[in-house]
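S.K.: So for the sequence shown, the UniProt record's numbering puts the first residue at 1; every next one is plus one. Backbone N, C-alpha and C define an ideal beta-carbon position, used for all residues, glycine too. Only a predicted model underlies this, so the values are computations on that prediction, with no experimental measurement involved. Structure provided below as structure tokens; questions to follow.
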Amino acid sequence: MESGSQALQHRLLSVKLWPPSYSTRLMLVERMTKNLTTPSIFSRKYGLLSSEEAEEDAKKIEELAFATADQHYKKEPDGDGSSAVQIYAKESSRLMLEVIKRGPTVKDGELADKNTALHETVFDISGGRRAFIDAEEAEDLLKPLRQPGNSYTKICFSNRSFGLDAANVAAPILSSIKDQLTEVDLSDFIAGRPESEALEVMNIFSSVLEGCHLRYLNLSNNALGEKGVRAFGALLKSQNNLEELYLMNDGISEEAARAVSELIPSTEKLKVLQFHNNMTGDEGAIAISEILKRSCALEDFRCSSTRVGADGGVALAEALKTCTHLKKLDLRDNMFGVEAGVALSEALSLFANLTEVYLSFLNLEDEGAEALANALKESAPSLEVLEMAGNDITAKGAASLAACIASKQFLTKLNLAENELKDEGAILIAKAIGEGHGQLNEVDMSSNAIRRAGARLLAQVVVKKPGFKLLNINGNFISDDGIDEVKESFKSWPDMLGPLDENDPEGEDDEDDEEENAENESELESKLKDLKIEREE
């Protein structure tokens with residue numbers, strides 16, 4: 001019978017990593033474009049590229065990196081392509097850094113004009129202290145919106161609590177600009193108000209904004225419940241072009257979820273839908289699944305911390321099969337169990353563009369985790385973030401996880417904390433990320449009953465990653481000697497190693513188990529004796 005390590009090696013041999021698919025190449029261009037247009041320490045020094053220039057540069061970078069990697073691959077066509085993928089990633093990073101240091105090629109005046117134009121399209125009063133505002137303050141705060149010919153297309157009233165007097169001041173002002181608005185953020189805008197007043201305020205805003213052609217609507221943090229959802233009924237019913245809808249921390253119960261599904265007439269263009277931290281439950285999840293079935297363009301779905309159990313999880317999984325363009329999926333902190341996990345695996349196999357998946361604390365156990373890992377291994381070639389913490393995954397499930405992880409060469413973050421992987425599972429995971437994975441920068445394997453051998457190999461593997469930032473192996477059972485070995489690996493990069501204050505060298509074993517643990521550790525040590533890993537300079 002094959003050991004876990006042998007089974008993993010056989011799986012690895014069957015994975016062909018080169019050439020990348022067309023969608024994978026497009027995904028890399030999108031990611032580089034995002035990096036080139038995101039403010040950073042480099043952009044402050046060299047300048048920030050416009051979206052158009054960044055996209056053009058990203059396409060050129062990808063073409064050059066692909067050509068270089070493909071030329072390398074043709075010299076070893078019988079290989080699995082992992083070295084070509086590494087060259088592809090490294091060459092992309094190198095060329096992107098050159099472009100960042102080159103800076104924008106547009107003239108300073110042109111860039112200033114673009115920044116000014118951006119500033120004038122966004123009206124945001126969310127800064128400063130979180131407070132009630134009265135009519136007088138509303139008059140003063142909203143004065144810029146009264147200016148004739150203003151070009152505001154986005155308003156953000158978050159973090160300010162509107163009462164009836166302030167709402168009545170805002171109503172005619174919003175009415176005068178409603179036809180130009182495309183983005184409205186009314187999150188946390190009735191905090192501390194009595195229910196009757198809050199509902200009346202919501203009705204006022206809903207009525208005055210009815211008919212706006214919005215692409216973005218954020219109603220989070222308002223404790224809506226069904227009454228609140230229906231108070232926004234006029235606004236919701238008039239929306240046919242929504243691309244982003246946020247209803248987080250809104251008290252979305254079963255009834256409220258049904259109301260959302262009922263009131264929104266069209267979700268054909270919806271790309272982002274987020275329901276985090278609600279009391280949705282199974283029946284509410286079934287209502288949300290009806291929205292998903294109508295949302296074929298969806299790219300980002302979040303339904304975390306919503307008290308969804310097995311039945312609701314299965315309903316969501318079935319509905320998600322419609323959303324084949326999904327890039328980000330967050331279902332953390334629900335009570336799915338094995339059955340919903342297996343059902344979800346069938347949907348995951350359809351997501352070729354998935355880059356982030358958050359499946360922690362779903363009670364998946366080995367069976368559910370293995371089903372999901374096997375599905376992900378055959379899809380999502382550009383996966384960047386994988387989180388499956390707190391799912392009671394043991395060393396048995398680690399082999400499938402490791403095979404999946406080994407095929408994800410663009411992975412940047414891996415979180416498998418609070419499972420039961422132990423040394424055997426930790427070693428399989430360490431070997432899976434040992435080859436390639438040049439963009440990996442964070443690994444969390446805390447609270448997994450890992451001992452000396454597993455901890456040492458994890459440290460040796462990640463410390464060689466050129467852009468690595470953090471290894472978390474706290475809360476394990478690493479011996480004092482093991483801790484010393486881990487710290488020695490990170491002696492030149494101490495900030496890359498997380499705290500170890502919750503580590504328990506004694507573990508949670510009885511004295512009768514000490515001899516067995518010593519034998520197990522000796523066996524693991526023998527597996528590692530010929531493995532030498534040096535950090536790349």
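In angstroms, rounded to a whole number, what distance separates the CA positions of G438 and F468?
M.R.: Whole-angstrom Cα-Cα distance: 9 Å.
S.K.: For S447, which residues of its own chain have a beta-carbon under 6 Å away from its beta-carbon, when the five flanking residues on both sides are left out?
M.R.: The residues are A417, E418 and G475.
S.K.: Just checking, does the region 125-141 make contact with the region 71-85 on the three C-beta pairs under 8 Å criterion?
M.R.: As far as the Cβ criterion goes, the region 125-141 does not touch the region 71-85, which means the pair count is below three.
S.K.: Using 8 Å as the threshold, is the C-beta distance between A297 and E268 below it?
M.R.: For A297 and E268, yes; Cβs fall inside 8 Å.
S.K.: Give, in chain order, every unbroken run of the alpha helix (DSSP H) that is at least 4 residues long and sits entirely within the UniProt domain "WPP" (14-107).
M.R.: Entirely contained in the UniProt domain "WPP" (14-107), the alpha helix (DSSP H) runs reaching 4 residues are, in chain order, 22-36, 41-46, 51-74 and 82-102.
S.K.: Which residue marks the beginning of the beta strand (DSSP E) containing L142, and which one marks its end?
M.R.: No beta strand (DSSP E) contains L142, which DSSP labels as neither H nor E.
S.K.: Could you check how far apart the C-beta atoms of G313 and M279 are, in whole angstroms? I think they sit under 8 Å.
M.R.: Contact doesn't hold; Cβ gap of about 16 Å is too wide.
S.K.: In angstroms with no decimal places, state the Cα-to-Cα distance between I473 and L344.
M.R.: Going from the Cα of I473 to the Cα of L344 covers about 29 Å.
S.K.: Quick check on T355: does DSSP put it in helix, strand or coil?
M.R.: Here T355 sits in coil by DSSP.
S.K.: Is it true that the CB of E384 sits closer than 8 Å to the CB of L411?
M.R.: Their beta carbons are under 8 Å apart, which means L411 touches E384 by this criterion.
S.K.: Under a Cβ-count criterion, where at least 16 other Cβ atoms within 10 Å of its own Cβ denotes burial, should S23 be classed as buried or exposed?
M.R.: By the neighbour-count rule (16 or more Cβ atoms within 10 Å), S23 is not buried but exposed.
S.K.: Under three-state DSSP, which class holds R129?
M.R.: Correct three-state label for R129: coil.
S.K.: What residue ranges within the region 247-309 form continuous beta strand (DSSP E) runs of no fewer than 3 residues, ordered along the chain?
M.R.: Segments of the beta strand (DSSP E) lying fully in the region 247-309: 272-274 and 300-302.
S.K.: In or out: E516 buried (at least 16 other Cβ within 10 Å) or exposed?
M.R.: For E516, the pLDDT reaches just 46, beneath the cut-off of 50, and the residue's location in the model is therefore unreliable, leaving the point undetermined.
S.K.: Taking K385 as part of the beta strand (DSSP E), name the residues at either end of that continuous run.
M.R.: In the sequence as presented, Lys is not what sits at residue 385; that position holds Val. Run containing V385: V385 to E387, per the beta strand (DSSP E) assignment.
S.K.: For G482 and V462, I'd like the C-alpha separation in whole angstroms.
M.R.: About 16 Å.
S.K.: Just verifying my parser: in three-state terms, what is the DSSP assignment at R230?
M.R.: Correct three-state label for R230: helix.
S.K.: Can you name, in chain order, every residue of its own chain whose Cβ lies under 6 Å from the Cβ of D185, other than the five neighbours on each side?
M.R.: Only C156, S158 and N218 meet the Cβ criterion.
S.K.: Is it true that the CB of K154 sits closer than 8 Å to the CB of F189?
M.R.: Result no, Cβ atoms of F189 and K154 do not sit closer than 8 Å.
S.K.: Would you mind stating whether S206 and G225 have Cβ atoms separated by less than 8 Å?
M.R.: No, they are not a contact pair.
S.K.: Kindly confirm or deny that the region 482-491 and the region 450-458 touch, where touching means at least three C-beta pairs closer than 8 Å.
M.R.: As far as the Cβ criterion goes, the region 482-491 touches the region 450-458, which means the pair count is three or higher.
S.K.: Over what stretch of residues does the alpha helix (DSSP H) that includes V338 continue unbroken?
M.R.: Taken as a continuous stretch (DSSP letters only), the alpha helix (DSSP H) holding V338 covers G337 to L348.
S.K.: A319: buried (16+ other C-beta within 10 angstroms of its C-beta) or exposed?
M.R.: A319 is buried by the Cβ-count criterion.
S.K.: Would you kindly check if the distance between the Cβ of L414 and the Cβ of L372 is under 8 Å?
M.R.: No, these two residues do not count as a Cβ contact at 8 Å.
S.K.: State the Cα-Cα distance for the pair D423 and P505, rounded to the nearest angstrom.
M.R.: For D423 and P505, the distance between alpha carbons rounds to 14 Å.
S.K.: Which of the three DSSP states is assigned to D501 in this structure?
M.R.: Three-state result, D501: coil.
S.K.: Where does P144 land, buried or exposed, given buried means 16+ other C-beta within 10 angstroms?
M.R.: When all chains shown are included, P144 counts as exposed.
S.K.: Expressed to the nearest angstrom, what Euclidean distance is found between the alpha-carbon atoms of L354 and K321?
M.R.: Roughly 13 Å separates the two Cα atoms.
S.K.: Between the C-alpha atoms of M32 and E183, what's the straight-line distance to the nearest angstrom?
M.R.: Using only the alpha carbons, I get a separation of about 26 Å.
S.K.: Tell me whether S479 sits in a helix, a strand or coil according to DSSP, three-state version.
M.R.: Reduced to three states, the DSSP call for S479 is coil.
S.K.: On the DSSP letters alone, give me the boundaries of the beta strand (DSSP E) that D124 sits inside.
M.R.: Where D124 is concerned, the enclosing beta strand (DSSP E) stretches over V122 to D124.
S.K.: V463 by DSSP, collapsed to three states: which one?
M.R.: Reduced to three states, the DSSP call for V463 is coil.
S.K.: Give a yes or no on whether the minimum CB-CB distance between E356 and chain C is below 8 Å.
M.R.: You won't find chain C in this structure, because it holds only one protein chain.
S.K.: Please report the straight-line C-alpha distance between I427 and V308, rounded to a whole angstrom.
M.R.: Their backbone Cα atoms lie some 33 Å apart in a straight line.
S.K.: Which residue comes first and which comes last in the alpha helix (DSSP H) that contains S161?
M.R.: Here S161 belongs to no alpha helix (DSSP H); instead the beta strand (DSSP E) covers R160 to F162.
S.K.: Give me the residue from A389, T394 and I405 with the minimum Cα distance to S379.
M.R.: Answer by Cα proximity: I405.
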